[in-house]
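Student: In this note's numbering, each residue's number is its place in the sequence shown (first place is 1) plus 47.
Before anything else, here's the structure in question.
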Amino acid sequence: MSEPKIPDAIRMPFAELIGMKIISSAPERVTAEMTVRPELCTNPAVLHGGALMALADSLGAYATFLNLREGQGTTTIESKTNFLAPAPVGTKVTAECAAIHRGRRTMVWQTRIMSEAGKLIGIITQTQMVLDAPVAK
Numbered sequence: 048m049s050e051p052k053i054p055d056a057i058r059m060p061f062a063e064l065i066g067m068k069i070i071s072s073a074p075e076r077v078t079a080e081m082t083v084r085p086e087l088c089t090n091p092a093v094l095h096g097g098a099l100m101a102l103a104d105s106l107g108a109y110a111t112f113l114n115l116r117e118g119q120g121t122t123t124i125e126s127k128t129n130f131l132a133p134a135p136v137g138t139k140v141t142a143e144c145a146a147i148h149r150g151r152r153t154m155v156w157q158t159r160i161m162s163e164a165g166k167l168i169g170i171i172t173q174t175q176m177v178l179d180a181p182v183a184k
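Structure (structure tokens):
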């Protein structure tokens with residue numbers, strides 16, 4: 048299966064830097080994967096909590112972008128993470144981001160990050176604010 052083409056309007060350089068790869072996407076659910084590289088780890092060599100949060104945050108923003116109207120943007124206004132298990136260097140994690148609420152002003156997403164073995168590594172709930180397009184003067 049080939050990776051979905053990401054439109055330039057929602058290309059996210061930081062998500063690319065951490066190695067996030069979108070596997071599937073729809074307005075209500077987005078799935079991605081990321082390989083745990085040494086530079087994303089803490090000591091011992093397991094995925095750093097900030098990298099796990101960055102994966103979820105990027106995925107929630109991407110999911111929100113799929114629901115926006117022309118010219119709108121988004122920003123994260125709240126995020127809560129539960130760290131449940133480590134992800135060792137060299138493994139791949141899969142993140143599934145599902146809509147809890149898709150409103151006109153805010154969207155709430157829950158991202159579940161799983162190990163290759165299917166173990167739950169973390170659950171992240173985030174709120175994205177919808178930013179209106181600037182008014183032309």
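From the three backbone atoms N, C-alpha and C, an ideal C-beta is built for every residue, glycine too.
All values reported here derive from a predicted model rather than from experimental measurement.
1) What distance in whole Å lies between the Cβ atoms of THR158 and ALA92, which are believed to be in contact at a cut-off of 8 Å?
2) Mapping the DSSP letters down to three states, classify ALA98 as helix, strand or coil.
3) Start and end of the beta strand (DSSP E) containing LEU167?
4) According to DSSP, is ALA134 part of a helix, a strand, or is it coil?
5) Determine the DSSP secondary structure at ALA123, reduced to helix, strand or coil.
6) Across which residues does DSSP place VAL93 in a beta bridge pair?
7) Considering only the beta carbon of each residue, do MET67 and ALA108 sit closer than 8 Å?
8) Is THR122 buried or exposed, if buried means 16 or more other CB atoms sit within 10 Å of its CB?
9) Which word fits ALA145, buried or exposed, when buried means at least 16 other C-beta atoms lie within 10 angstroms of its C-beta?
Tutor: Let's see:
1) The pair is not a contact, with the Cβ atoms about 23 Å apart (cut-off 8 Å).
2) Per DSSP, reduced to three states, the secondary structure at ALA98 is helical.
3) Its beta strand (DSSP E) spans residues 167-178.
4) Three-state DSSP puts ALA134 in coil, outside helix and strand.
5) It is worth fixing the name first, because residue 123 is Thr in this sequence and not Ala. It is a strand residue.
6) When DSSP reads this structure, VAL93 sits in a beta bridge with PRO135.
7) One thing to note: MET67 has its Cβ no nearer than 8 Å to the Cβ of ALA108.
8) Under this definition THR122 is an exposed residue.
9) For ALA145, the number of other beta carbons within 10 angstroms of its own is below 16, and it is reported as exposed.
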